[in-house]
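The numbers in full-length UniProt numbering rise by one with no breaks, and the one at position 192 of the sequence shown is 192.
Here's the structure we're looking at; comments come further down.
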Amino acid sequence: MTKNFKKHLPLKKYGQNFLINKDTIKNIIKIIDPKTTETLVEIGPGLAALTKPMCELLEELIVIEIDQDLLFLLKKRSFYSKLIVFYQNALSFNFLNLFHKKKQLIRIFGNLPYNISTSLIIFLFKQIKVIQDMNFMLQKEVAERLISTPGNKSYGRLSIISQYYCDIKILLNVSPEDFRPIPKVHSVFINLKPHTNSPYFVYNVNILSAITKDAFQNRRKILRHSLKNLFSEKELIKLEINSNLRAENVSVSQYCKLANYLYKKSNNLLKIN
Ligand code: SAM
């Protein structure tokens with residue numbers, strides 16, 4: 001590990017902060033608890049801090065890496081024969097294809113490059129149907145946004161869309177000292193599990209996304225103003241949603257209710273009283 005670290009100059013553009021703390025690595029593997037029968041995909045194996053111990057427990061591991069130099073180093077490792085390597089941007093990986101090939105749900109994990117972690121999570125939500133769970137190292141501040149609830153500063157569009165799709169748990173706090181180079185931010189390791197019995201339902205998730213976009217354009221604005229292009233005040237009253245609420249005080253269920261009303265309205269499905 002250290003030997004390899006010396007052979008590679010970490011690239012900031014790929015968010016390369018490599019894990020070096022053995023106890024943290026052990027804890028992460030324990031949390032993921034991989035089984036040989038499962039399909040596991042690692043995003044960004046890097047210098048193999050997680051890849052190597054994973055391969056000790058598995059017969060096959062799929063890895064997606066964007067940096068060719070790192071793949072070159074990976075090729076020299078003893079466990080390389082266990083890897084199925086994709087040299088590509090994880091943001092364009094087709095998990096649906098993989099699911100059809102493997103005929104089972106996919107478990108995704110990784111110490112994510114922080115510069116793309118939010119877009120990557122949103123990208124993965126679009127393929128949620130083929131995902132069993134996701135275990136990620138994230139910047140603490142991003143993880144807090146994922147799990148945040150109404151009334152909190154960090155509550156926003158990302159919280160709503162993430163909680164709509166998944167049950168999310170922070171499982172480990174990780175110090176900057178556990179990485180090389182040392183990042184400026186604190187990290188956490190989290191588990192995202194797609195709901196099996198979802199507490200939320202929407203006909204069309206794009207409508208949910210559009211409503212939250214308008215609402216959070218200015219999070220301090222009251223709904224009556226921020227959603228005026230989508231709902232009349234009368235409609236908000238009918239939906240029992242206080243039009244004086246601010247975006248940051250509206251729950252995920254309430255946003256789903258708004259999305260479903262709009263869906264029905266645009267499809268002429270509303271019952272006329
Ligand atoms: N897993 C290693 C570890 O824990 O030490 C490396 C983690 S490092 C934070 C992020 C890794 O993701 C690097 O190997 C980096 O090259 C890779 N990476 C960055 N952007 C990527 C992308 N868009 N697609 C795939 N891999 C990417």
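Where a beta carbon is used, it is the ideal one built from N, C-alpha and C, also for glycine.
Residue 157: buried (16+ other C-beta within 10 angstroms of its C-beta) or exposed?
For this step, residue 157 is matched to residue 157 along the sequence shown. Residue 157 is buried by the Cβ-count criterion.
Taking buried to mean at least 16 other C-beta atoms within 10 Å of its own C-beta, is residue 151 buried or exposed?
The residue you call residue 151 lines up with position 151 of the sequence shown. Its Cβ having fewer than 16 others within 10 Å, residue 151 is exposed.
Return yes when at least one heavy atom of the ligand COA lies under 7 Å from the C-beta of residue 170, else no.
This structure simply doesn't include the ligand COA; it includes the ligand SAM instead.
Pull the bridge partners of residue 39 from the DSSP assignment, please.
Sequence index remark: in the sequence shown, residue 39 carries index 39 (1-based). 106, per the DSSP bridge assignment.
So is the beta-carbon of residue 16 under 7 Å away from any non-hydrogen atom of the ligand SAM?
As a first step, residue 16 must be located in the sequence shown, where it is residue number 16. Answer for residue 16: yes, Cβ within range of the ligand SAM.
Kindly provide the ranges of any alpha helix (DSSP H) runs that are 4 or more residues long and lie completely inside the stretch 13-58, ordered along the chain.
DSSP runs (the alpha helix (DSSP H)) wholly in the stretch 13-58: 22-32, 51-57.
Determine the closest residue to residue 117 out of 14, 236, 266, with distance taken between C-alpha atoms.
To locate residue 117, count along the sequence shown from 1; it is residue 117. Among 14, 236, 266, the Cα nearest to that of residue 117 belongs to 14.
Tell me, please, which residues DSSP counts as bridged to residue 133.
Counting from 1 along the sequence shown, the entry for residue 133 is found at position 133. Beta-bridge pairing links residue 133 to 107.
Alpha carbon to alpha carbon, how far is residue 197 from residue 133?
Numbered from 1 along the sequence shown, position 197 holds the residue referred to as residue 197. Numbered from 1 along the sequence shown, position 133 holds the residue referred to as residue 133. Spanning the two alpha carbons is a distance of roughly 15 Å.
Apart from the five residues on each side of it in sequence, which residues of its chain come closer than 8 Å, Cβ to Cβ, to residue 95?
Numbered from 1 along the sequence shown, position 95 holds the residue referred to as residue 95. Excluding residues within five positions, the ones whose Cβ falls inside 8 Å are 41, 106, 108, 124, 127, 130, 131.
Residue 62 lies in the beta strand (DSSP E); which residues open and close that run?
To locate residue 62, count along the sequence shown from 1; it is residue 62. It spans 61-65 - the beta strand (DSSP E) in which residue 62 sits, taken as one unbroken run.
Please find out if some non-hydrogen atom of the ligand SAM comes closer than 7 Å to the beta-carbon of residue 89.
Start at 1 with the first residue of the sequence shown, and residue 89 comes out as number 89. Indeed, a heavy atom of the ligand SAM lies less than 7 Å from the Cβ.
For the ligand SAM, is there any heavy atom lying closer than 7 Å to the beta carbon of residue 223?
For the purposes of this step, residue 223 is identified with residue 223 of the sequence shown, where counting begins at 1. No, the Cβ of residue 223 stays beyond 7 Å of every heavy atom of the ligand SAM.
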